[in-house]
Amino acid sequence: MAETKFLETAQGRRLAYHKSEGTGPTIVFLGGLKSDMEGTKAVHLEAWARARGQSFLRFDYSGHGESSGEFTDGCIGDWHEDTLAAVSRLTAGPLIIVGSSMGGWQALLLARVMPERMAGMVTIAAAPDFTEDGYWASFSDQQKSDLETVGHVELPSDYMEPYVITKRMIEDGRQRLVLRTPLKLPFPVRFLQGTADTAVSTETAVGLLNHASGQDMQLLLVKDADHRFSDGPCLGLIEQAVRDVIGGT
Numbered sequence: 001m002a003e004t005k006f007l008e009t010a011q012g013r014r015l016a017y018h019k020s021e022g023t024g025p026t027i028v029f030l031g032g033l034k035s036d037m038e039g040t041k042a043v044h045l046e047a048w049a050r051a052r053g054q055s056f057l058r059f060d061y062s063g064h065g066e067s068s069g070e071f072t073d074g075c076i077g078d079w080h081e082d083t084l085a086a087v088s089r090l091t092a093g094p095l096i097i098v099g100s101s102m103g104g105w106q107a108l109l110l111a112r113v114m115p116e117r118m119a120g121m122v123t124i125a126a127a128p129d130f131t132e133d134g135y136w137a138s139f140s141d142q143q144k145s146d147l148e149t150v151g152h153v154e155l156p157s158d159y160m161e162p163y164v165i166t167k168r169m170i171e172d173g174r175q176r177l178v179l180r181t182p183l184k185l186p187f188p189v190r191f192l193q194g195t196a197d198t199a200v201s202t203e204t205a206v207g208l209l210n211h212a213s214g215q216d217m218q219l220l221l222v223k224d225a226d227h228r229f230s231d232g233p234c235l236g237l238i239e240q241a242v243r244d245v246i247g248g249t
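In C-alpha cells:
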C-alpha cells in the first residue's frame with residue numbers, strides 16, 4: 001500500500017492524504033463526520049479509479065484519521081478550509097467530487113466557491129445543513145442549555161462512539177448553510193440515498209433534489225440500503241454514478 005503523505009495548510013493543520021496519478025478529471029472523495037480515508041467506499045473507489053488510469057485523491061480532515069488535531073476542536077468551516085487546501089494544492093483541472101454524508105455538504109460548499117472546476121458530483125447520503133436541521137432542531141431545551149453552559153452535548157451514534165457536538169460546531173454551521181439560498185449545480189449530479197438510512201432521511205435527499213438547480217440531476221433511492229452504503233451492490237452503484245457524471249463507461 002502506498003505511504004501516507006501529508007499536507008501543511010495555511011491554518012497550521014497537517015492533513016494526511018493519498019493521491020493516485022492518472023488522467024483527468026480527478027476524482028476527489030470527501031468523507032463523512034468522524035470517518036476517515038481508510039473507509040470502504042474511499043478505498044474501493046481509489047482502486048476502481050486506479051484500474052481506469054484515473055487521477056484520484058482521498059484525505060483526512062483535521063481531527064480525523066491520521067491528520068492533526070482533535071475532532072472536538074473542529075467544525076464545518078475548518079473542514080471546508082481543509083477541503084479547499086487539499087483540492088487547490090494537490091489537484092489540477094476538472095474535478096469529480098464524491099461526497100459521503102457530511103462530505104456531501106462539503107461537496108456543495110466546494111461547488112459554491114470553485115464552480116469553474118466542477119465537472120460532476122456524486123453524493124452518498126448527503127447531509128447538508130445537518131448541524132442546524134438535524135442537531136439543533138432536535139435538541140431539547142436541556143441540551144440547548146448544556147450547549148451554552150458546558151459548551152457541548154453528546155449524541156449517540158448507530159455506527160460508533162457518541163458524537164460530541166460543540167457550541168462552535170453549531171454556530172459555525174449556521175454560517176455554512178446551503179439550503180437557505182439558491183444552490184446552482186450546473187454540471188452532472190447524482191444523489192444516492194438508502195431508504196434504511198437512520199442518520200439521513202429520504203426526506204433530506206428529496207429536499208436537496210428539489211432545492212438545487214441544474215440541467216442533469218438525478219436522485220437514486222436504494223431500498224433497504226443503510227447509511228454505510230458500502231456493500232457490494234452499493235459500491236457498484238457508486239461506480240456507475242461516477243461513470244455517469246464523467247460521461248464515459
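Residue numbers (the UniProt record's numbering): 1 to 249. Where is the CB? At the ideal position from N, CA and C, for every residue including glycine. From a predicted model like this one, the values you see are computed outputs, not experimental measurements.
**Message:** Tell me the rounded alpha-carbon separation between residue 20 and residue 145.
**Reply:** For the purposes of this step, residue 20 is taken as the residue at position 20 of the sequence shown. For the purposes of this step, residue 145 is taken as the residue at position 145 of the sequence shown. Roughly 47 angstroms between the two C-alpha positions.
**Prompt:** When you compare only the Cα positions, how much space is there between residue 64 and residue 93?
**Reply:** The sequence position of residue 64 within the sequence shown is 64, counting from 1. The sequence position of residue 93 within the sequence shown is 93, counting from 1. A direct Cα-to-Cα measurement between residue 64 and residue 93 gives close to 27 angstroms.
**Prompt:** Just the Cα atoms here: how many angstroms apart are residue 210 and residue 66?
**Reply:** Within the sequence shown, residue 210 is the residue found at index 210, counting from 1. Within the sequence shown, residue 66 is the residue found at index 66, counting from 1. Looking at the two C-alpha atoms, the distance is approximately 37 angstroms.
**Asked** Is it buried or exposed for residue 148, if we count other Cβ within 10 angstroms and need 16 for buried?
**Response** The residue given as residue 148 occupies position 148 in the sequence shown. Exposure of residue 148 is indicated by the presence of fewer than 16 other C-beta atoms within 10 angstroms of its C-beta.
**C-alpha gap between residue 173 and residue 243, whole angstroms** = Taking the sequence shown and counting its residues from 1, one reaches residue 173 at position 173. Taking the sequence shown and counting its residues from 1, one reaches residue 243 at position 243. Roughly 32 angstroms separates the two Cα atoms.
**Burial state of residue 32, where buried means 16 or more other Cβ atoms lie within 10 Å** = Working through the sequence shown from its first residue, we reach residue 32 at position 32. By the neighbour-count criterion, in which a residue is buried when 16 or more other Cβ atoms sit within 10 angstroms of its Cβ, residue 32 is buried.
**Asked** Does the distance from the C-beta atom of residue 136 to that of residue 106 stay below 8 angstroms?
**Response** Within the sequence shown, residue 136 is the residue found at index 136, counting from 1. Within the sequence shown, residue 106 is the residue found at index 106, counting from 1. The answer is no: Cβ separation not under 8 angstroms.
**Request:** Measure the C-alpha to C-alpha separation of residue 233 and residue 97 and round it to an integer number of angstroms.
**Result:** Position 233 of the sequence shown holds residue 233. Position 97 of the sequence shown holds residue 97. Using only the alpha carbons, I get a separation of about 21 angstroms.
**Prompt:** Per the contact definition of three or more C-beta pairs closer than 8 angstroms, is the region 171-190 in contact with the region 120-130?
**Reply:** They touch, by the three-pair rule.
**Request:** Note down the Cα distance separating residue 237 from residue 70, rounded to an integer number of angstroms.
**Result:** Here residue 237 is taken as the residue at index 237 of the sequence shown, counted from 1. Here residue 70 is taken as the residue at index 70 of the sequence shown, counted from 1. Distance between the alpha carbons of residue 237 and residue 70: 33 angstroms.
**Cut-off 6 angstroms between Cβ atoms - residues of its own chain near residue 156, not counting five sequence neighbours on either side** = Here residue 156 refers to the residue found at position 156 of the sequence shown. Taken in chain order, the residues that qualify are 162.
**Prompt:** To which residues does DSSP link residue 221 through a beta bridge?
**Reply:** By 1-based counting over the sequence shown, the position of residue 221 is 221. According to DSSP, residue 221 bridges with 193.
**Request:** Could you have a look at residue 14 and say whether DSSP puts it in helix, strand or coil?
**Result:** Start at 1 with the first residue of the sequence shown, and residue 14 comes out as number 14. For residue 14, the secondary structure class from DSSP, reduced to helix, strand or coil, is strand.
**Prompt:** Within this structure, are the beta carbons of residue 91 and residue 26 separated by less than 8 angstroms?
**Reply:** On the sequence shown, position 91 is the one that residue 91 refers to. On the sequence shown, position 26 is the one that residue 26 refers to. Taking C-beta atoms as the reference points, residue 91 and residue 26 count as a pair closer than 8 angstroms.
**Request:** Could you tell me which of 38, 165, 75 sits nearest to residue 18, measuring between CA atoms?
**Result:** Numbered from its first residue, the sequence shown carries residue 18 at position 18. Of the candidates 38, 165, 75, 38 places its Cα closest to the Cα of residue 18.
**Prompt:** So who's on the other strand from residue 58, going by DSSP bridges?
**Reply:** Translated into positions along the sequence shown, residue 58 becomes position 58. Paired residue(s): 18, 29.
**Message:** Does residue 240 pass the burial test, meaning 16 or more other C-beta atoms within 10 Å, or should it be called exposed?
**Reply:** Counted from its first residue, the sequence shown places residue 240 at position 240. Result: exposed.
**Request:** Could you tell me which residues DSSP pairs with residue 163 in its beta bridges?
**Result:** Walking along the sequence shown from the start, residue 163 turns up at place 163. As a beta-bridge residue in DSSP terms, residue 163 pairs with 155.
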